[in-house]
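Take a look at the structure:
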């Protein structure tokens, strides 16, 4: 479970989050929508323990992130907007390295399978990632985060740089992770993917949760209309 | 923890193997070390060869003279002016040298030993020469004097930190530059353990390379066989120095900057501790207590010697007899040759006193200089370390000062013996001739490392570790406040 209670965070005079409360249950995918600067990335960084909240609590799988950030992070998978990898290692070596940092050990076959499942072409598995496109790096990042089998997964605009096919595969993968029992929080601008993979969607604006939507009750176009309307009323 | 360690070891191996710059740096470091060892071994071999030649020359002259005693002749048939029973010839043929043998580790830290004296003639009639360099060619070569010796101590003290810099500058900072740090943090159970392991491995790699050079040097020069305990201390001091630089660089990395900033800070530390501070200390101390070089002293003393020898003996007669109560002026008028020899001996004694006086002044000044340099030891780790290695190798200035004193003592003993024989005014017997050899002075030196040097190094490491901890803590607080990793 992912849980934030009345979390506030400011950067100097700028209030990034205002008493945000969110809960993502195991097996659920929560979409975090909002314009640039709405507080999506701040929320994710608070969940990952990169930031300390000014007030409120952040809990991952029952572990308080503020009090025990290392333990909380060990229960969390994280995919940043721009996945960065060691350029002198191949995709498989990157996966092997980051998995072993988490104390996981996979056979070469298992790692190859995970990379292919994440959408990476089999012929790219042994290539150094310095030659990879952004989308290819993103796929390796997804393989790294999901291979951890964490109880919670946070994704910061994971479809950024992915082609439509890969985006769809990512949605399916996120769904699979949630179905396996993980709580998933995904910040995204892609309303179509949000509709495709999320159980719930919340809209953040100016650091406040302004609306919660069940995307399954709406078509993608309707979801977009709701979103745009919310943006217009907020501005 | 074991799994994390293995993972990071594998990662570091991949990083090293796939980085031509790092491989080249390691190769160059090893080559420099091997060249330094070979250069040191060559120098020591020349040093030993010279001492062997001197010993052989001494033995040859003595045996020639002993042969005359056996044949009951006063000298060689073809040089009838030589009379071995006369003090001036006995002094020449009782040939002896005061020498300083190279210590077991000398080849690893030659220091400035090639421009200092490692041997001198022990003679009452040829003047004491404690400041005479063993290698006039080197002393006359200003370029060589300026550049100094490229020995293993230099490689370890000044080049090793550069290698460590090349291997360490992007540890953690590369992750920041590339934006990998957040992934690392969410993947690693203990980011602190990850960081400690990451900075430890380059230190371990450098320590291994230093170990390889130390073993190579120890085997090549025979240091391990000759004195394992000294070699072990030399090696431990070197490892301590690697650790000191590792902690200093870790403190830089703790600040959490990017790789270019970290590299600049590290280069700054290297320039500061290995170039600027030693040079500034030398300049400050040199301006307050200027050094007198051997060539200068030799020239001055040579002029003094000629002034004394060409002067009037009456000037020295009173002080000569007053300082030797057991000797009194001859009651009978000696023959012309004996009188001339006595006058010469009085002048030589006066000159020796002058050399002793100058040597004492120089020693005092050296001690003051060393104390002044040592007072900057807290901020001069490279010099302190290099000096400690030279102490272990027996090539530090204290050893040469002791050797210089040894030369003067040997010459003084020879002179007093010869004065006693001269004032007897009877031919020198074989037993008396042989007694002159005992003034040989084969000095051996080598001291335990200076405790204060080790203390200073350890203190600097502790200060660096303290700063590393403070920087690391403030970095973590800043990151969690701003989110900038």
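Residue numbers (my numbering), protein chains in the order written: chain A, 1 to 235; chain B, 1001 to 1485. In this text, a Cβ means the ideal position worked out from N, Cα and C, and glycines have one as well.
Check whether chain A comes within 8 Å of residue i, counting only Cβ atoms and requiring the distance to be less than that.
i, result
"residue 1446 of chain B", "Residue confidence is low: residue 1446 of chain B scores 47 on pLDDT, short of 50, so the model does not pin down where it sits. Its coordinate-derived value is still stated next. False, the Cβ-Cβ gap to chain A never drops below 8 Å."
"residue 1474 of chain B", "no"
"residue 1011 of chain B", "yes"
"residue 1005 of chain B", "no"
"residue 1015 of chain B", "yes"
"residue 1466 of chain B", "no"
Cβ closer than 9 Å: which chain B residues qualify as neighbours of residue i?
i, result
"residue 110 of chain A", "The premise fails here: residue 110 of chain A is roughly 16 Å from chain B at the closest Cβ pair, so nothing lies under 9 Å."
"residue 70 of chain A", "1185, 1188, 1189, 1190, 1191, 1192"
For chain B, find out if any of its Cβ atoms is closer than 8 Å to the Cβ of residue i; answer yes or no.
i, result
"residue 189 of chain A", "no"
"residue 228 of chain A", "no"
"residue 185 of chain A", "no"
"residue 158 of chain A", "no"
"residue 3 of chain A", "no"
"residue 60 of chain A", "no"
"residue 125 of chain A", "no"
"residue 142 of chain A", "no"
"residue 122 of chain A", "no"
"residue 93 of chain A", "yes"
Cβ closer than 9 Å: which chain A residues qualify as neighbours of residue i?
i, result
"residue 1178 of chain B", "84, 85, 86, 87"
"residue 1198 of chain B", "What residue 1198 of chain B touches in chain A: nothing, since even the nearest Cβ is about 11 Å away."
Using the beta-carbon of each residue, which ones in chain B are nearer than 7 Å to residue i?
i, result
"residue 98 of chain A", "1183, 1187"
Under a Cβ-count criterion, where at least 16 other Cβ atoms within 10 Å of its own Cβ denotes burial, should residue i be classed as buried or exposed?
i, result
"residue 134 of chain A", "exposed"
"residue 157 of chain A", "buried"
"residue 1107 of chain B", "buried"
"residue 1466 of chain B", "exposed"
"residue 219 of chain A", "exposed"
"residue 1067 of chain B", "exposed"
"residue 1194 of chain B", "buried"
"residue 1059 of chain B", "exposed"
"residue 1023 of chain B", "exposed"
"residue 11 of chain A", "exposed"
"residue 1037 of chain B", "buried"
"residue 1231 of chain B", "buried"
"residue 1043 of chain B", "buried"
"residue 1425 of chain B", "exposed"
"residue 1208 of chain B", "exposed"
Kindly give me the distance between the Cβ atoms of residue i and residue j, rounded to whole angstroms, as I take these residues to be in contact under 8 Å.
i, j, result
"residue 1436 of chain B", "residue 1094 of chain B", "4 Å"
"residue 1380 of chain B", "residue 1242 of chain B", "Incorrect: roughly 18 Å between the Cβ atoms, too far for contact."
"residue 1210 of chain B", "residue 1248 of chain B", "Contact doesn't hold; Cβ gap of about 16 Å is too wide."
"residue 1251 of chain B", "residue 1382 of chain B", "Contact doesn't hold; Cβ gap of about 17 Å is too wide."
"residue 84 of chain A", "residue 154 of chain A", "At roughly 17 Å, the Cβ-Cβ gap does not stay under 8 Å, so residue 84 of chain A and residue 154 of chain A are not in contact."
"residue 962 of chain B", "residue 1419 of chain B", "Nothing about residue 962 of chain B can be reported from this structure: the residues present for chain B run from 1001 to 1485 only."
"residue 150 of chain A", "residue 76 of chain A", "5 Å"
"residue 1131 of chain B", "residue 1297 of chain B", "4 Å"
"residue 1161 of chain B", "residue 1270 of chain B", "5 Å"
"residue 1098 of chain B", "residue 1410 of chain B", "4 Å"
Taking C-beta pairs closer than 7 Å, name the residues in chain A that residue i reaches, listed in chain order.
i, result
"residue 1018 of chain B", "88"
Any heavy atom of the ligand GDP inside 7 Å of the beta-carbon of residue i?
i, result
"residue 62 of chain A", "In terms of ligand content, the structure shown is empty, and the ligand GDP therefore cannot be addressed."
Name, please, each residue of chain B whose Cβ falls closer than 8 Å to the Cβ of residue i.
i, result
"residue 103 of chain A", "1003, 1004, 1189"
"residue 74 of chain A", "1189"
"residue 80 of chain A", "1179, 1182, 1183"
- Item | Within 8 Å of chain B by C-beta, residues of the stretch 195 to 213 of chain A in sequence order | none
- Message: Please list, in chain order, the residues of the stretch 1269 to 1289 of chain B that have any C-beta partner in chain A closer than 7 Å.
- Response: none
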